[in-house]
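Each remark here refers to the structure printed beneath this line.
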Amino acid sequence: MTTETKTNGKPANTNRIGLTQQEYRGGDTTLCQGCGHNSITSQIIAAAYELSLAPHQVIKMSGIGCSSKTPAYFLNRSHGFNTLHGRMPSVTTGAVLANRQMLAIGVSGDGDTGSIGLGQFKHMVRRNVPMVYIVENNGVYGLTKGQHSATADVGQNLKYAGTNVLPPIDVCIEALVADCGFVARSFAGDAKQVRELLKAAMSYEGTAVLDIISPCVTFNNHHDSTKSYDYGKEHEERIQDIQFIPSFAEVSVEYDEGEEQYVQLHDGPAIKLKKLDREYDPTNKWRALELLEQARERHEFITGLLFIDESRKTLPQVMHLTDTPLAYLPDEQLRPSRQRFEKVMAGFE
Amino acid sequence: MSVIDTDVTPQEAALHAQPPIVNDFSIVAATVNGSGSQTANNVLIRAIFKMGVSVSGKNLFPSNIQGLPTWYTIRVSKDGYTARREGTEILVAFNPKTAEEDLAALPPGGVCIHPDDMKFASPRNDVTMYALPVKELVKQSGVDVKLRDYIANMAYVGALAELLGVDMNQLYAALDRHFKGKKKAVDSNYAMVTAAAEWVRVNHIKRDPFRVAPMNETSGLILIDGNTAGALGALVGGVTVLAWYPITPSTSLADALTDYAPLLRGGEDDTASYAIVQAEDELAAAGIVVGAGWAGARAMTNTSGPGISLMNEFVGLAYFAEVPAVFWDVMRMGPSTGLPTRVSQGDILTAYHMGHGDTRHVVLLPGSMQECFEFGWRAFDLADRLQTPVLVLSDLDLGMNNWMTPPLDYPDEPLDRGKVLSAEQIGELEARFGRYGRYRDVDGDGIPYRTLPGNINPKSAYLARGTGHNEFGVYSERSEDWQQNLDRLARKHETARTLVPQPVIHSSGAPIGIIAYGSTDPAVREAQDRLHAEGIETDYLRVRALPLAASVAEFVAQHERVYVAEMNQDGQMHQLVQLHVPELAGRVRSVRNCNGLPMSARFVTEEILKFEQQ
Chain A
6 MTTETKTNGK PANTNRIGLT QQEYRGGDTT LCQGCGHNSI TSQIIAAAYE
56 LSLAPHQVIK MSGIGCSSKT PAYFLNRSHG FNTLHGRMPS VTTGAVLANR
106 QMLAIGVSGD GDTGSIGLGQ FKHMVRRNVP MVYIVENNGV YGLTKGQHSA
156 TADVGQNLKY AGTNVLPPID VCIEALVADC GFVARSFAGD AKQVRELLKA
206 AMSYEGTAVL DIISPCVTFN NHHDSTKSYD YGKEHEERIQ DIQFIPSFAE
256 VSVEYDEGEE QYVQLHDGPA IKLKKLDREY DPTNKWRALE LLEQARERHE
306 FITGLLFIDE SRKTLPQVMH LTDTPLAYLP DEQLRPSRQR FEKVMAGFE
Chain B
13 MSVIDTDVTP QEAALHAQPP IVNDFSIVAA TVNGSGSQTA NNVLIRAIFK
63 MGVSVSGKNL FPSNIQGLPT WYTIRVSKDG YTARREGTEI LVAFNPKTAE
113 EDLAALPPGG VCIHPDDMKF ASPRNDVTMY ALPVKELVKQ SGVDVKLRDY
163 IANMAYVGAL AELLGVDMNQ LYAALDRHFK GKKKAVDSNY AMVTAAAEWV
213 RVNHIKRDPF RVAPMNETSG LILIDGNTAG ALGALVGGVT VLAWYPITPS
263 TSLADALTDY APLLRGGEDD TASYAIVQAE DELAAAGIVV GAGWAGARAM
313 TNTSGPGISL MNEFVGLAYF AEVPAVFWDV MRMGPSTGLP TRVSQGDILT
363 AYHMGHGDTR HVVLLPGSMQ ECFEFGWRAF DLADRLQTPV LVLSDLDLGM
413 NNWMTPPLDY PDEPLDRGKV LSAEQIGELE ARFGRYGRYR DVDGDGIPYR
463 TLPGNINPKS AYLARGTGHN EFGVYSERSE DWQQNLDRLA RKHETARTLV
513 PQPVIHSSGA PIGIIAYGST DPAVREAQDR LHAEGIETDY LRVRALPLAA
563 SVAEFVAQHE RVYVAEMNQD GQMHQLVQLH VPELAGRVRS VRNCNGLPMS
613 ARFVTEEILK FEQQ
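In the order they appear, the protein sequences are chains A and B. First residue of the first sequence: 6, per my numbering; consecutive thereafter. First residue of the second sequence: 13, per my numbering; consecutive thereafter.
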């Protein structure tokens, strides 16, 4: 447990708004024991607690599939919407337009995003709908008992579906080419990285896409599967060590130029990235695309913050929406006055 | 193929005697799509309207940007009839490709205005022909070459004005309005009108009996189309999110909403109190609307049949998750691309039952400009009150044609946001009824209480879903929970039956009843007059919403025979009425056509006569 959110005068087990981590939990999971999705759920709970997110300021969104069931397992005190298969992006777009003050956390899967929902996914990114978009990526359809998904690697072998012969769709590449300003890949077995990336994504203004390889213990966890725990543990290569630095932790951040990179987000928080073996700059989109293409070619499993750029305006900003959520506008702002209406009517005479 | 009907009854075309025929005829302007004829026709209609004469216009246009034939019919009626009239006496033959057929379709005694270089293989000597030197007039006008095609259509406006006696000042005023006062455009068009009128005055002697004479039948009325009226209604109703995808014939609703939003809802600064999103498809448009409605916005989409098909799954989800949202369907002929620019009332059953599983929706059926407007705002109140998708079924004829109407009435009741609980109200509710549950029916009307994201009371939170849930909004596959949920939804539907706009009934104790809805209203009312002339008295019930009201059953019970008139092949409302009164189903008969043309009074009259005279 990190202690960075502790402040004076509060009991140690509550965060800055006085909530315990317990109060960020949801119902009991109905997924398989050991499912990667459950680890991610735990990290969502931890990240929300550590950031002291006000639960009533969060909406949990999902589509259909194993991953999309998980919003029932975290943040019970937040509203949520388990929508249609592949259509979470549009529903979230509407919800965020209705209430721009909400932090939307969306959970999707590789089928939900990479197949049925690819169109909506790309258009959501194109619009820069402010939300955290998590893809719990296991390369397989679980609820329908083991078909290949569109993110399955060539050669992926499944008991039910046989060997996959088609190349995978790379969710991160799709996000990048649609002009996404926050693109990351992680591994459900790498709890700390998932948590730090989640905190960064939750603090980012715009669409933040996290593609998290999340093993399916029932259908796709055999040793030679590229979406298995074993494979992930053996092959994961972090491109940097990530530390999220919240703005409320008034620490003077020291970083070693050359070895560390410091990315400032709007409103104060920052991400500290410690360089590892590779020379990598996540603010360079060309470099990100190159890295992903290389990794695909060489069958490397790279994780980390692949790209970050907060310069694009979000959809509510582009639309000049009023600060008051549209959902909470008073009646007198919803219905024009009689005089105003009569004036328009006069134009028809 | 000509869409002008050839069979005009002798009464309608008794033109040989040549007594003047004043304010009782139809004009058809046959032109080429994309040539600007719409401007000419709108200007003509407005000028006649401003002369105090009842007038209606119907555009029969192809699915094409430019080049295919289009016909615009203008009905002038001293009796105030506005339905499509079968048969037109005056032809503007400006499309060489259809001119031959169009001429052949004229009744004896008809009139044909045509460019002087148009040659007819089968000329008619029982039709008054007026040739116009259109090319020469255009040349003399000196307008830019690029604009010549557009201005050419003003030649027939001028010719008709001279021949029929249309007020030139009103034509000028209509042009000024159309071009929003842009003097150059107004002047060059008006110059063409006057040049053509002058040419006709000097070179032709009027040999036909048709005249327009001023009346006082339109004072206080306005001209508007149903898509604009619906958009104004939505803006007055507080729409905050519009998500849509372009599709004929509903596009102009989104256009009008976009145009009028700043005028009606613009604030003092440059921030917007509404969001208008052109989505990537109708799936996304529906998703945006459902998401926004769930989060508390007044959200709507506008579409037509193919879009409705794509929105099917979302409307089903909204029904079971109980999300308010408004879906405007400006109906056109199906299937798929079908006849996208032709009218139909073919989406009744689809709309009523959208989604999978057992679903029955609230469907509003506007039949006039005032109702397009009223249902524009009322749909939001009903959606919020009933926490359910509300479909508004307009159609191409209502939506895209100009109609005379009294000015639209500002709502006489405040917004109804329905049962939405604030943080404090949850406590108050619990004090009275025990634990709050999102899907608990504590009032007995089937309508639960909802909360919005942003509510600070932790008890307000719930995970919305279409899948199995109990009354506390918690995932459940227990049989009892789901059965209870469906029973409550059925109860809610019965509540909806009492809240939706009730039928309009014109009853004088006649033995025969007519039921209709939507844009066929003028045709039915005119048919009642025609049937009266044949000695057949009828009562009339106009359905304005689904679910059908109890008064529909009473109306059927009160009449020996009931005819349901509509524009679809399967008699969809006829089926619903029969299901509504199963024990009386035998006395309910279907009068239907589905040929892409607005219903005519003659069709309704003849169909009913056919049955009655059996």
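Backbone N, C-alpha and C define an ideal beta-carbon position, used for all residues, glycine too. All values reported here derive from a predicted model rather than from experimental measurement.
Contacts around residue i, its chain only, beta-carbon distance under 6 Å, and the 5 residues preceding and following it disregarded
| i | result |
| --- | --- |
| Leu351/B | Met345, Gly608 |
| Asp17/B | The predicted model places Asp17/B with a pLDDT of 49, which falls under 50 and marks its position as unreliable, so this point remains unresolved. |
| Asp246/A | Lys279 |
| Tyr575/B | Ile526, Arg601, Val603, Ile620 |
| Gln266/A | Leu278 |
| Gly126/A | According to the sequence as given, residue 126/A is Phe; it is not Gly. For Phe126/A, where only same-chain residues beyond five positions count, the Cβ hits under 6 Å are Pro94, Thr118. |
C-beta atoms of residue i and residue j nearer than 7 Å
| i | j | result |
| --- | --- | --- |
| Ala143/B | Asp128/B | yes |
| Arg223/B | Pro32/B | yes |
| Leu553/B | Pro523/B | no |
| Ala255/B | Val289/B | yes |
| Ala293/A | Leu310/A | no |
| Phe332/B | Gly478/B | yes |
| Leu329/B | Leu89/A | yes |
| Ser316/A | Ala473/B | no |
| Tyr168/B | Val65/B | no |
| Ile468/B | Ala435/B | yes |
| Gly319/B | Ile259/B | yes |
| Arg310/B | Val251/B | yes |
| Asp267/B | Met412/B | no |
| Ala52/A | Leu270/A | no |
| Pro513/B | Arg444/B | no |
| Ser89/B | Thr353/B | no |
Which of helix, strand or coil DSSP assigns to residue i
| i | result |
| --- | --- |
| Arg554/B | strand |
| Arg354/B | strand |
| Leu276/B | helix |
| Arg105/A | coil |
| Glu425/B | coil |
| Ser230/A | coil |
| Ala134/A | A small fix is needed here, since residue 134/A is Val in this sequence, not Ala. DSSP places Val134/A in coil when its eight states are reduced to three. |
| Glu9/A | In this predicted model, Glu9/A has a pLDDT of only 49, less than 50, meaning its place in the structure is not dependable enough to derive any value. |
| Ile178/A | helix |
| Arg92/A | coil |
| Leu377/B | coil |
| Tyr84/B | strand |
| Ile57/B | helix |
| Asp282/A | coil |
| Thr308/A | strand |
| Gln152/A | strand |
| Thr288/A | coil |
| Asn469/B | coil |
| Lys318/A | coil |
| Pro127/B | strand |
Beta-carbon contacts of residue i that lie in its chain and below 8 Å, excluding the five residues immediately before and after
| i | result |
| --- | --- |
| Thr46/A | Gly31, Thr34, Thr75, Tyr78, Phe79 |
| Leu398/B | Pro336, Val374, Gly430, Ile459, Lys504, Thr507, Ala508, Leu511 |
| Tyr333/A | Asn104 |
Cβ shell of residue i (< 7 Å), same chain only, five flanking positions each side left out
| i | result |
| --- | --- |
| Gln78/B | Asn45, Gly46 |
| Asn324/B | Met366, Gly367 |
| His518/B | Asp551, Tyr552 |
Partners in chain E for residue i, counting only beta-carbon separations shorter than 9 Å
| i | result |
| --- | --- |
| Pro426/B | The displayed structure is made up of protein chains A and B, and chain E is not among them. |
Minimum length 3: unbroken beta strand (DSSP E) runs contained in the stretch 94–125 of chain B
Those beta strand (DSSP E) runs which fall completely within the stretch 94–125 of chain B and span 3+ residues are 102–105.
* Please list the segments of the beta strand (DSSP E) lying wholly inside the stretch 516–587 of chain B, counting only runs of 3 or more residues, in order along the chain. => Within the stretch 516–587 of chain B, the complete beta strand (DSSP E) runs of at least 3 residues fall at 516–518, 524–528, 550–554, 573–578.
Cβ pair count under 8 Å reaching 3, the stretch 38–52 of chain A against the stretch 207–221 of chain A
Yes: the two stretches touch, three or more of their Cβ pairs being nearer than 8 Å.
#### Entry: Contact the stretch 102–118 of chain A vs the stretch 301–313 of chain B: 3+ CB pairs below 8 Å
With a cut-off of 8 Å on Cβ pairs, the stretch 102–118 of chain A is in contact with the stretch 301–313 of chain B, counting three or more such pairs.
### Message
Check whether the stretch 375–386 of chain B and the stretch 526–540 of chain B touch, using three or more Cβ-Cβ pairs below 8 Å as the test.
### Response
With a cut-off of 8 Å on Cβ pairs, the stretch 375–386 of chain B is in contact with the stretch 526–540 of chain B, counting three or more such pairs.
query: Would you call the stretch 313–332 of chain A and the stretch 267–286 of chain B touching, i.e. three or more CB-CB distances under 8 Å?
result: A contact between stretches requires three or more CB pairs, one per stretch, nearer than 8 Å, and the stretch 313–332 of chain A meets this requirement with the stretch 267–286 of chain B.
query: In chain order, which continuous runs of the alpha helix (DSSP H) of length 4 or greater are located wholly inside the stretch 186–219 of chain A?
result: Within the stretch 186–219 of chain A, the complete alpha helix (DSSP H) runs of at least 4 residues are 196–208.
- Task: Indicate whether the contact test is met: 3 or more Cβ pairs, each with one atom in the stretch 58–76 of chain B and one in the stretch 182–194 of chain B, closer than 8 Å.
- Result: By the Cβ test, the stretch 58–76 of chain B is in contact with the stretch 182–194 of chain B, since at least three Cβ pairs between them sit closer than 8 Å.
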